[in-house]
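*Asks:* In the working numbering, the protein residues as written are 4 to 295.
Spelled out as C-alpha cells, the structure:
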C-alpha cells in the first residue's frame, strides 16, 4: 500500500491485496469506510509496481506525488507469470497429483467456481495418460466367502467410496465409469465372457465399451467379489479350454477368503497349491485333509 496526492490535491491511499481463499466482494467492502474497489488486473508484481510507482511507472508523472515514505508491504508475493492464470495451473497440478474434487475444495474453496472443469480436465488427463500407457502396476484380487462378512465394505472403507467403481450391471458394466482407480466386480459368477475378462484384467491400454461413449481403462486395482470359490467360476472353460482358464488365473495376483470368524489372504500360487480345505476358525494353513 502507498499514499498519494491526487491531481486536485486529494490525499488518498492505494491498496493491493491478494487473499488465500475466495472472499465475497461485500465482505471486502465492509472492511473499509467508503472505498473505491476494483478487481485487480495483471500480475501481483505489476500491481505492486503500480502502487509503488516502480517498474514501468518509474518515469510516470504520478511518481512525483507518490509518497515513498508511506510504502508498506506484508506477506509473500504470489508467484505469477505474465499471460498465465496461476490459480488454474495450481488446479491442474492438483488434478494430476490425484487429489479428489473434495480434497481440492478443502484446499481452496474458490475452486468451486471451476467445478464443471475439474471433472472434465481429470477425465481428459487420465484418458490421455492411459490411452498409450501400460498399467504395469495393475493388481487383481479375487475375494470370496461367506455372505455378510464385509467383503465389499472393507474395500470401500480402505480406498474411499469416491475412488471405487462398483460393477453391478453386467449388461452395460462400464456406462458410468469415470476413470476411478479401483474397480469392483460385484457378486461375480461368470457374468461376463471370459474373453472380455481377460482384456479387462490385462495391463495393456484398453477402450472399455459404453453405450454413450467408450471409456479408457484408468484403473490399477481390480477386485472380483463373490460368494463362490475361484474353482466355481467358468467351469465349462476349465473343462474344455484349459489354456484359456490358465490365462484367466495368470491375471489374478491374490485370493482373499472371508469366513464367519476370519479373513485369509493367499498369493495365487499358495491358493492353487493348497491340498487342504480351510477351517473357519483356524489359520489358512491349519486345515483338514480333503477327502479323496
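For glycine and all other residues, C-beta sits at the position ideal for the given N, C-alpha and C.
What you are looking at is a predicted structure, and each value in this text was computed from that prediction instead of being measured.
Whose C-alpha, out of 28, 29, 24, 73, is nearest the C-alpha of residue 15?
*Replies:* That would be 73, whose Cα lies nearest to the Cα of residue 15.
*Asks:* Please state if the CB of residue 168 and the CB of residue 186 are separated by a distance shorter than 7 Å.
*Replies:* In contact: residue 186 and residue 168 (Cβ atoms closer than 7 Å).
*Asks:* If residue 212 and residue 177 are in contact, beta carbons under 8 Å, what's the gap, nearest whole angstrom?
*Replies:* About 6 Å separates the two Cβ atoms, so the contact holds.
*Asks:* So, do the stretch 19-31 and the stretch 111-118 have three or more beta carbon pairs nearer to each other than 8 Å?
*Replies:* Result yes; three or more Cβ-Cβ pairs closer than 8 Å.
*Asks:* Suppose contacts are defined by Cβ-Cβ distances below 7 Å. Is residue 143 in contact with residue 253 by that definition?
*Replies:* No. Outside cutoff.
*Asks:* From residue 102 to residue 219, what distance separates their C-alpha atoms?
*Replies:* In a straight line, the C-alpha of residue 102 is about 19 Å away from that of residue 219.
*Asks:* Check for me: the beta strand (DSSP E) holding residue 259 runs from which residue to which?
*Replies:* Here the beta strand (DSSP E) through residue 259 covers 257-261.
*Asks:* Check for me: the alpha helix (DSSP H) holding residue 28 runs from which residue to which?
*Replies:* Looking at the DSSP string, the run of the alpha helix (DSSP H) that includes residue 28 is 28-33.
*Asks:* Let me know if residue 191 comes out buried or exposed under the rule of 16 or more other beta-carbons within 10 Å of its beta-carbon.
*Replies:* With 16 or more other Cβ atoms within 10 Å, it is buried.
*Asks:* So the candidates are 48, 65, 45, 43; which of them puts its Cα closest to the Cα of residue 11?
*Replies:* It is 65.
*Asks:* Does the distance from the C-beta atom of residue 50 to that of residue 19 stay below 7 Å?
*Replies:* Yes, they are a contact pair.
*Asks:* Whole angstroms is fine: what's the gap from residue 301's alpha carbon to residue 52's?
*Replies:* The first residue shown for the chain is 4 and the last is 295, placing residue 301 beyond what the model contains.
*Asks:* Considering Cα atoms alone, identify which of 196, 239, 275, 225 is closest to residue 155.
*Replies:* For residue 155, the nearest C-alpha among the options comes from 225.
*Asks:* Residues in its own chain within less than 7 Å of residue 38 by CB, not counting five upstream and five downstream?
*Replies:* Contacts found: 32.
*Asks:* Taking 7 Å as the cut-off, decide whether the C-beta atoms of residue 139 and residue 206 are in contact.
*Replies:* Yes, these two residues count as a Cβ contact at 7 Å.
*Asks:* Of all the options 246, 81, 183, 257, which has the alpha carbon lying nearest to the alpha carbon of residue 221?
*Replies:* Looking at the Cα atoms, 183 is the closest of the given residues.
*Asks:* So, helix, strand or coil for residue 188, using DSSP?
*Replies:* Residue state, collapsed to three classes: strand.
*Asks:* Can you say whether residue 200 is buried or exposed, counting buried as having 16 or more other CB atoms within 10 angstroms of its CB?
*Replies:* That one is buried.
*Asks:* At which residue ranges does the stretch 207-252 contain complete beta strand (DSSP E) runs of 3 or more residues, listed in the order of the chain?
*Replies:* For the stretch 207-252, whole beta strand (DSSP E) runs of length 3 or above, ordered along the chain, are 224-229.
*Asks:* Does the Cβ-Cβ distance between residue 175 and residue 214 come in under 7 Å?
*Replies:* Yes, the pair counts as a contact, with Cβ atoms nearer than the cut-off.
*Asks:* Thinking C-beta only, is residue 193 closer than 7 Å to residue 236?
*Replies:* Cβ distance < 7 Å, so residue 236 and residue 193 count as in contact.
*Asks:* Classify residue 286 as buried or exposed, calling it buried when 16 or more other Cβ atoms lie within 10 Å of its own Cβ.
*Replies:* Residue confidence is low: residue 286 scores 45 on pLDDT, short of 50, so the model does not pin down where it sits. Its coordinate-derived value is still stated next. Label assigned to residue 286: exposed.
*Asks:* Please check the pair residue 261 and residue 104, which I expect to be a contact at CB under 8 Å, by giving their CB distance rounded to whole angstroms.
*Replies:* That pair is no contact at about 32 Å.
*Asks:* Cβ atoms of residue 229 and residue 3: under 7 Å apart, would you say?
*Replies:* The requested residue 3 is not part of the displayed model; the chain covers only 4 to 295.
*Asks:* Rounded to a whole number of angstroms, what is the C-alpha to C-alpha distance between residue 87 and residue 131?
*Replies:* Legend: pLDDT at residue 87 = 49, less than 50; position of this residue unreliable, value from coordinates given subsequently. Their backbone Cα atoms lie some 23 Å apart in a straight line.
*Asks:* Once you ignore the five residues that flank residue 124 on each side, which residues in its own chain have a CB closer than 6 Å to its CB?
*Replies:* 98.
*Asks:* Taking the alpha helix (DSSP H) that residue 131 falls in, what are its first and last residues?
*Replies:* Element bounds for residue 131: 118-133.
*Asks:* Would residue 273 and residue 259 be called neighbours here (beta carbons separated by less than 7 Å)?
*Replies:* Contact flag unset, no.
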